[in-house]
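Take the sequence shown: its position 5, counting from 1, is numbered 5 in full-length UniProt numbering, and each next residue is one higher.
Quick reminder that beta carbons are idealized off the backbone N, C-alpha and C, glycines included.
This report refers to the structure that appears directly beneath it.
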Amino acid sequence: MSREKDLAKKNALRIKRKKRVRSSIFGTAEKPRVSIFKSNKYVSAQAINDVEGVTLAAVSSKAMGLNVNKENAIKVAAQLAENLKAAGIEAVVYDRNGYLYHGVVAAFADALRENGIKL
Numbered sequence: 001m002s003r004e005k006d007l008a009k010k011n012a013l014r015i016k017r018k019k020r021v022r023s024s025i026f027g028t029a030e031k032p033r034v035s036i037f038k039s040n041k042y043v044s045a046q047a048i049n050d051v052e053g054v055t056l057a058a059v060s061s062k063a064m065g066l067n068v069n070k071e072n073a074i075k076v077a078a079q080l081a082e083n084l085k086a087a088g089i090e091a092v093v094y095d096r097n098g099y100l101y102h103g104v105v106a107a108f109a110d111a112l113r114e115n116g117i118k119l
């Protein structure tokens, strides 16, 4: 029973961080918000125009047949960068979605920068 409480507390803290971060960032058509989601199996990201409430580009490691680790996060970020460039987007706002800027989340952001997307 203690394990369930620990997981619930961990998730509650992530949601709290998510709300705090999300209150200060906003995506537009010219500079969309790139939100990352990671689970224990997969990582996914999407570029969102918050003005209209639409997703401009999305990518998932599940669709690419990859699991979640730093190397695969770099591959997923490269694919998202390619999709963003095809849509004519060069700059984005990075939403870490309540996750700590560490490991997969940091590798994803660094890979976006390396592929020509300005964060």
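Check                                                                                                      : Outcome
Outcome for V76 when other beta-carbon atoms lying within 10 angstroms are tallied against a minimum of 16 : buried
Which residues DSSP lists as bridging I48, in chain order                                                  : R33 and T55
As assigned by DSSP and simplified to three states, the class of residue 135                               : Given that the chain is displayed from residue 1 to residue 119, the structure contains no residue 135 and the question cannot be resolved.
Collapsed DSSP secondary structure at S23 in the structure displayed                                       : coil
Near the ligand GDP: L56 beta-carbon under 8 Å from a heavy atom                                           : In the structure shown, the ligand GDP is absent, as is every other ligand, since no ligand is present at all.
Cβ-Cβ separation, Y99 to K38 (assumed contact under 8 Å), whole Å                                          : 6 Å
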